[in-house]
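Numbering-wise, the numbering used here puts 127 at position 112 of the sequence shown, and it's gapless, one number per residue. Backbone N, C-alpha and C define an ideal beta-carbon position, used for all residues, glycine too. Please read these numbers as outputs of a predicted model, since none were measured by experiment.
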Amino acid sequence: MYDRKKKLKEFLTSEEYEVVVKSAAHFSDMPLPIWHLELTEKCLSELSNFDLIRCIRQDVFTNLATYEIIERIDENNTPFYADIDSIELMDKLSSVNAEILSTHKDKLNKIIKNIMEKKLIDTADVWMFDEQKETYCGYVDQIKRKIQ
């Protein structure tokens, strides 16, 4: 769907990119505009999990970040590929609006089916407490409701 090797600035119009550059120049003492500018020089595949989480949190490149999270989960055949970030990745994914999530409905259904059939949440005992499992299940349910 998206070219994961393309720099994020290539997904912006020249006007949008100019706004990002001006914002970073004007607010050069603030980390968020600088991060946003630095982000535009990265490819989707180069973004850290923290960058993806932050994109959704800041409502920056939300479509692209959602796509990349889903691709990484799908590639690794588990939503727990990211160790400690797994819960927050699913939290942020569940917070994305239904319209964006629905564009990835097939892959999300595949991921949810994988979670349920392999009982992946139950096998996360090593690093996930019961309360975290319930929270995680809640995120999965939110995603399911949004894509139905």
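Looking at the DSSP output, Cys58 bridges to Lys22. The shortest C-alpha to C-alpha distance from Glu149 to any of Ser110, Asp106, Ile88 and Lys133 is the one to Asp106. Here the alpha carbon of Glu146 sits roughly 19 Å from the alpha carbon of Ile127.
Between Leu54 and Ile85, the gap from beta carbon to beta carbon reaches 9 Å or more. Straight through space, the alpha carbons of Glu90 and Leu59 are spaced by roughly 14 Å. If one requires a minimum length of 4 residues, the alpha helix (DSSP H) runs lying completely within the segment 78-131 are 101-110 and 113-117, in chain order.
Cys152 is not a Cβ neighbour of Ile162, given a cutoff of 9 Å. Taking a C-beta distance under 9 Å as the contact criterion, Leu27 and Lys57 do not qualify as a contact pair. Linking Leu104 to Ser43 through their CA atoms gives a straight-line distance of about 29 Å. Apart from sequence neighbours up to five positions away, the residues of its chain that approach Tyr17 with a beta-carbon distance below 7 Å are Leu59, Leu79 and Tyr82, ordered along the chain.
DSSP places Val155 inside the alpha helix (DSSP H), whose first and last residues are Asp145 to Ile162. DSSP, reduced to helix, strand and coil, places Ser29 within a helical segment of the structure shown.
For Val36 and Asn64, the gap between their C-alpha atoms comes out near 24 Å.
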